[in-house]
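Each residue of the sequence shown is one higher than the one before, counting from 1 in the UniProt record's numbering.
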Amino acid sequence: MLCARRLGSLAAGLAALRPGRAARGSLGAGIQARRVSTSWSPVGAAFNVKPQGRRLDLFGERRGLFGVPELNAPEGFYIAQEEALRKTELLVERACSTPPGPQTVLIFDELSDALCRVADLADFVKIAHPEPAFREAAEETCRSIGTMVEKLNTNVELYQSLQKLLSDKKLMDSLDVETRRVAELFMFDFEISGIHLDEEKRKRAVDLNVKILDLSSKFLMGTNFPNKIEKHLLPDHIRHNFVRDGDHVVVDGLHAEAPNDLVREAAYRIFLHPNASQLKYLEELLSNRDLLAKLVGYSTFSHRALQGTIAQKPETVMQFLEKLSDKLCERTIKDFEMMRQMKMKLNPQNSELMPWDPPYYSGVIRAERYNIEPSLYCPFFSLGACMEGLNILFNKLLGISLYAEQPAKGEVWCEDVRKLAVVHESEGLLGYIYCDFFQRADKPYQDCHFTIRGGRLKEDGDYQLPVVVLMLNLPHSSRNSPTLLTPGMMENLFHEMGHAMHSMLGRTRYQHVTGTRCPTDFAEVPSILMEYFSNDYRVVNQFARHYQTGQPLPKNMVSRLCESKKVCAAADMQLQVFYATLDQIYHGEHPLRKPTTDILKETQEKFYGLPYVPNTAWQLRFSHLVGYGAKYYSYLMSRAVASMVWKECFLQDPFNRAAGERYRREMLAHGGGKEPMLMVQGMLQKCPSIDDFVNALVSDLDLDFETFLMDSK
């Protein structure tokens with residue numbers, strides 16, 4: 001998952017920050033670009049031992065977070081932000097006084113970098129740092145940068161300096177492809193704020209942006225807010241499954257894995273019970289998004305949101321979802337019937353399959369059929385072994401090695417954060433990955449990739465090295481064993497490392513389009529592709545060893561694990577189609593023809609198949625409507641592209657160096673500096689159709705006959 005965020009409503013290069021938007025240490029200080037280091041050590045061993053204390057450094061200089069000297073104390077954020085704001089003012093003056101040309105784009109990109117390298121570092125620290133003083137200082141910095149963004153939103157002179165370039169056809173034709181695309185991206189996001197409109201409409205656009213930001217925040221908070229019910233309304237024998245608060249029971253989630261049907265049903269009905277305030281926030285959010293889209297020249301919010309993506313327009317998305325739904329239909333019906341039979345076997349009195357049942361019963365079927373108890377696998381997946389596996393894979397595919405580097409005093413926010421140097425066999429140091437992998441109090445419970453600093457070509461010819469953080473929530477090592485990963489944790493590690501490699505290898509001239517700063521339906525392709533590698537025995541066999549005996553993980557165990565993921569997978573995918581379709585309808589034509597709950601009921605029955613439960617409103621818990629509005633389909637489309645890349649390029653040989661180099665050259669290297677479909681075409685050497693995408697997803701659901709042969713022996 002990418003960390004998605006936006007600052008205000010300013011254009012991309014200035015504020016409409018894409019997933020993984022970068023930040024950098026204060027004005028060039030901080031993480032140094034180096035070609036070699038004598039402090040690098042093997043990555044596997046570094047993750048299977050506890051971090052060493054820095055006793056020799058007790059009296060040394062404290063460098064500050066990410067090596068930024070100012071950030072050795074919370075007050076340093078104020079210094080960093082003031083320096084960024086001062087530089088911003090100077091760059092705005094330069095942009096407005098420079099004649100139109102390629103230099104205009106460079107200045108805009110530097111302006112974007114000046115704000116983002118502070119804002120995104122602060123954005124990460126405000127949620128991840130264990131010390132309240134650092135979190136609060138970072139929060140204040142985010143607010144200050146946001147205020148500057150709002151100021152730039154309304155700077156007509158700045159907008160006109162870019163417009164002069166884009167309106168000069170001869171000048172635009174003289175620009176290289178990447179520079180032209182970046183200029184167009186700056187303008188596209190600039191105009192989302194309505195700055196090209198007359199003064200009255202521009203003010204309305206700014207007001208709508210502010211209102212949308214406020215409604216998004218309120219709706220997002222409400223998606224996780226627990227519901228209460230008087231405890232006497234619940235049967236005595238299930239009350240202990242929930243938190244009690246005086247005379248009430250608190251329900252803070254769906255309890256989807258609970259073995260008791262009544263517990264799952266109660267949680268579903270109570271947690272999804274409609275909330276009037278939350279419904280009002282959603283309706284106003286959707287309405288205001290539509291108003292803003294129409295004001296800046298789009299027929300719907302979805303049309304605005306999809307510009308520049310692989311899909312390009314909502315009609316294509318709906319065609320993709322409808323065709324996929326049709327292809328999944330028979331498989332989904334079979335999955336539901338299989339779950340229904342299991343429910344009848346375990347609970348003959350109530351065998352009707354309901355929306356709260358699939359996660360539990362599909363898990364029961366999976367465990368019964370394949371015997372994939374995670375504890376059987378964990379001893380083979382020590383964290384150090386998994387990191388060494390990634391190192392082996394990247395070395396064979398891309399000529400890249402991962403080395404552990406001891407961070408300086410004050411450089412990391414928690415002593416168990418590891419720092420990795422990413423080194424190419426001929427190009428040298430490519431960047432840094434900070435690995436915040438372990439559980440701790442108050443740490444967000446999510447697996448996520450954050451860009452701290454984006455790569456770009458600087459004026460002096462040096463390349464600004466990218467810096468990212470990978471955040472996981474793994475258990476700590478114990479006295480008797482290193483950190484052991486479940487198969488799901490191992491797959492998530494590979495997924496997030498796919499994002500990190502995209503950031504390391506997106507060697508663009510402009511930080512505005514570096515690494516993961518690309519359209520949402522392309523951004524997940526490198527991470528999902530890594531899941532295919534993590535499920536291939538030839539890859540797993542390189543590193544999966546029992547941490548005590550050194551015994552390799554048997555091939556039939558890997559095969560069973562992979563095939564178990566296909567159990568009821570059609571129904572799982574059908575659910576994603578339902579969510580994506582609902583998202584498209586909500587962001588389509590307005591006013592909506594029905595209330596949002598009626599649309600939910602209708603869409604669920606058409607695109608999922610299990611009955612709508614009266615007096616529930618699942619859409620009020622649909623948090624992705626905020627960060628992925630009109631783009632929830634992206635995960636399915638990214639998976640389709642990743643599937644095609646895997647089958648066409650890596651299935652025969654997952655260590656094929658020529659295919660790896662082509663993957664870097666055609667897909668990773670461009671970041672968002674090239675149209676996503678052109679990158680896909682370059683990799684696949686053909687232009688895929690909607691049917692190709694659909695067929696790729698559906699073919700992944702087919703069981704591997706070899707597994708049944710092995711299991712029958």
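Note that the Cβ used here is the ideal one computed from N, Cα and C, for glycine as well.
Item: In chain order, each beta strand (DSSP E) run of at least 3 residues that lies wholly inside the segment 390 to 463; Value: 400 to 405, 418 to 424, 428 to 438 and 448 to 453
Item: Which of helix, strand or coil DSSP assigns to Asn347; Value: coil
Item: Opening and closing residue of the beta strand (DSSP E) in which Met471 lies; Value: Val467 to Leu474
Item: C-alpha gap between Leu383 and Ala544, whole angstroms; Value: 10 Å
Item: Residues near Lys555 by beta carbon distance below 6 Å, same chain, minus five either side; Value: Tyr537
Item: Thr309 versus Glu675 - alpha carbon distance; Value: 8 Å
Item: Buried or exposed (CB count within 10 angstroms, at least 16 for buried), Gly246; Value: exposed
Item: Cross-strand partners of residue 719 (DSSP beta bridge); Value: This structure cannot speak to residue 719, because the chain is shown only from 1 to 713.
Item: Host alpha helix (DSSP H) of Arg135 (start-end); Value: Pro132 to Asn153
Item: Member of Leu701, Arg639 and Arg664 whose CA lies at the smallest distance from the CA of Phe320; Value: Arg639
Item: Continuous alpha helix (DSSP H) stretch holding Val364: start and end; Value: Pro358 to Tyr370
Item: The segment 267 to 281 in contact with the segment 219 to 231 per 3-pair CB rule at 8 Å; Value: yes
Item: Ala571 Cβ short of 8 Å to the ligand NAP heavy atom set; Value: Among the components modelled here there is no ligand, and therefore nothing to report on the ligand NAP.
Item: Sequence-distant residues of its chain with Cβ nearer than 8 Å to Ser216 (five each side left out); Value: Leu285 and Val626
Item: Distance between Gly588 and Leu678 (C-alpha atoms, nearest Å); Value: 27 Å
Item: Cβ neighbour criterion (16 or more within 10 Å) applied to Met339; Value: buried
Item: At least three beta-carbon pairs within less than 8 Å, the segment 365 to 380 to the segment 391 to 400; Value: no
Item: Rounded straight-line distance, which links the Cα of Arg509 to that of Gly457; Value: Strictly speaking, residue 457 in this sequence is Leu, with Gly absent from that position. Between Leu457 and Arg509, the C-alpha separation is close to 5 Å.
Item: Start and end residues, beta strand (DSSP E) containing Lys647; Value: Unbroken run through Lys647: none, as it is neither H nor E.
Item: First and last residue of the uninterrupted alpha helix (DSSP H) at Glu524; Value: Taken as a continuous stretch (DSSP letters only), Glu524 belongs to no alpha helix (DSSP H), as it is neither H nor E.
Item: Beta-carbon spacing of Leu165, Leu171 below 9 Å; Value: yes
Item: Under 9 Å between C-beta atoms of Ser481 and Tyr547; Value: yes
Item: Cβ-Cβ distance between Leu402 and Arg664 below 9 Å; Value: no
Item: Limits of the beta strand (DSSP E) - the one that Arg244 falls within; Value: Val243 to Asp245
Item: Counted within 10 angstroms of its Cβ, other Cβ atoms place Cys142 as buried (16 or more) or exposed; Value: buried
Item: Which of helix, strand or coil DSSP assigns to Glu283; Value: helix
Item: Helix, strand or coil at Asn227 according to DSSP, with G and I counted as helix; Value: strand
Item: Val296 - DSSP class collapsed to helix/strand/coil; Value: coil
Item: Cα-Cα separation between Arg55 and Lys409, rounded to whole angstroms; Value: Reliability fails at Arg55, whose pLDDT of 43 lies under 50, so the model's placement of it is uncertain and no value is given.
Item: Within 9 Å, strictly: CB atoms of residue 748 and Phe438; Value: Absent from the structure is residue 748, since the part of the chain shown begins at 1 and ends at 713.
Item: Backbone CA spacing between Pro552 and Phe66 [nearest angstrom]; Value: 38 Å
Item: Whole-angstrom C-beta distance between Leu697 and Lys566, which should lie under 8 Å; Value: With a Cβ gap of about 12 Å, Lys566 and Leu697 do not count as contacting.
Item: Assigned exposure category for Gly660 - 16 Cβ within 10 Å defines buried; Value: buried
Item: Buried or exposed by the 16-neighbour rule on C-beta atoms within 10 Å, applied to His232; Value: exposed
Item: Cutoff 7 Å; reference Val469; Cβ partners in own chain excluding five residues on either side; Value: Phe124, Tyr434, Asp436, Phe450 and Ile452
Item: Own chain residues within Cβ distance below 7 Å of Phe242, not counting five before or after; Value: Val249, Val250 and Val251
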